[in-house]
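Residue numbers for the sequence shown follow my numbering, beginning at 172 and rising by one.
By construction, the Cβ of each residue, glycine as well, lies at the ideal position given by its N, Cα and C atoms.
The structure displayed is predicted, hence computed values, not measured ones.
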Amino acid sequence: MKKSKIIFVAGCGGMLGDSIYNVFNKEYHMHCTDINVNEKWLKFLDFRNYTEYDNIVKNIKPDYLFHIGAYTDLEYCELNKEDALETNFYSVKNAVKIANNYNCQLIFISSAGVFDGTKNTYYDEDLPIPIGHYAKTKALSEEYIKKNSNNYLIIRPGWMMGGGPKKDKKFVNKIIKQIKNNIKTLNVVSDKLGTPTYTYDFANNLKLILRNNLNGVFNLVCEGQTSRLEVAHEILNILNLQQKINIKEVETNFFKNEYFAKRPFSERLVNKKLNDLDLNIMRNWKICLNEYLINNFSL
Ligand SMILES: NC(=O)c1ccc[n+]([C@@H]2O[C@H](COP(=O)([O-])OP(=O)(O)OC[C@H]3O[C@@H](n4cnc5c(N)ncnc54)[C@H](OP(=O)(O)O)[C@@H]3O)[C@@H](O)[C@H]2O)c1
172 MKKSKIIFVA GCGGMLGDSI YNVFNKEYHM HCTDINVNEK WLKFLDFRNY TEYDNIVKNI
232 KPDYLFHIGA YTDLEYCELN KEDALETNFY SVKNAVKIAN NYNCQLIFIS SAGVFDGTKN
292 TYYDEDLPIP IGHYAKTKAL SEEYIKKNSN NYLIIRPGWM MGGGPKKDKK FVNKIIKQIK
352 NNIKTLNVVS DKLGTPTYTY DFANNLKLIL RNNLNGVFNL VCEGQTSRLE VAHEILNILN
412 LQQKINIKEV ETNFFKNEYF AKRPFSERLV NKKLNDLDLN IMRNWKICLN EYLINNFSL
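Next comes the structure, spelled out in structure tokens:
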């Protein structure tokens, strides 16, 4: 396939960046950067540095600027509020200005975590009410982009699954690591609801969104709504470990020392706008979890 359009990605070295590179690279000219140069297709850029960010984008002249990097450790963000603002919000101001300077569309990755979680499910147009500092940095970014960007997409994923053993910093790999350590009982919260988001499907659906020249705010999560508890059970089910490992249901409070940042009770999103446009190609989270585990983790 002949590649025509150019994509510049800032913060592409993480779990989502991996799928973004692999999915888009087939059809687009990719220029991927990160502060952590962990792949041969990455170059160094600290996106907090406006001058360097601006220079590199000026030279590449991309059609799209994907600003996807962030600090995603909620506890780190609570303990390092200014640093988190600088990385997750001030850098987004840089991205808005740069995308406006060079007339490219800005693609920003927000989060299902911007809502307060008091409703069961959230639609694209619901108003963010952040309850923790990480969520605040994302909500501030959304607000700033809406006011100042000439052409943007704000995309909200849910509980990300992707990146494999090397890059996955989130729930699935946390469970897998415990399994690899021969744990006999997994403590899993029963009071957290959400929508998993397979990074591979996310990247494919994002590609479809670009092809359709959309702009605005979109939820983008896997089909099917669930809970941390059900995801943990499904992991054991897929790996055929239900007879060997127990799951003990606990409440969020059980992890109050380790995971002290506030998290919404429900982070469940519905891809309503994409459904209405008939552009929702996200698969069910159980199918995705199965594919993710089989392709990435040998146990
Ligand atoms: N993971 C989830 O469950 C989830 C859910 C909803 C939304 N999101 C959003 O999705 C996006 C991608 O998340 P992810 O899970 O792929 O995160 P990730 O795996 O932590 O990847 C983020 C990447 O950004 C890099 N980065 C941090 N500061 C940077 C800087 N100043 N300049 C350049 N790169 C920098 C990180 O480097 P270091 O590793 O060195 O920090 C990392 O390689 C983020 O915007 C995140 O907020 C994630």
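Distance from the Cα of residue 177 is smallest, within the candidate group 205, 241, 448, 275, for 275. For residue 341, the Cβ falls inside the 8 Å cut-off from some heavy atom of ligand 1. If the five residues before and after residue 288 are omitted, its C-beta is found closer than 6 Å to the C-beta atoms of 435, 436, 437, all from its own chain and listed in chain order. With a threshold of 16 other beta carbon atoms within 10 Å, residue 383 falls short and is exposed. Taking C-beta atoms as the reference points, residue 402 and residue 460 count as a pair closer than 9 Å.
Look at residue 336 here: in three-state DSSP terms it is helix. Residue 447 carries a helical assignment under DSSP once its states are collapsed to helix, strand and coil.
A distance below 8 Å between beta-carbons, with the five flanking residues on each side excluded, links residue 234 to the following residues of its chain, in chain order: 176, 177, 178, 275, 276. From the listed residues 444, 408, 220, 412, the smallest Cα separation to residue 458 is found for 408.
In this structure, residue 242 places its C-beta atom within 9 Å of the C-beta atom of residue 258. DSSP places residue 357 within a strand segment (E or B) once states are collapsed to three. Of the residues 431, 341, 445, the one whose Cα lies closest to the Cα of residue 385 is 445. Where residue 181 is concerned, the enclosing beta strand (DSSP E) starts and stops at 177-181.
Under the three-state reduction of DSSP output, residue 188 falls in the helix class. In this model, residue 318 and residue 391 are separated by some 22 Å (Cα to Cα).
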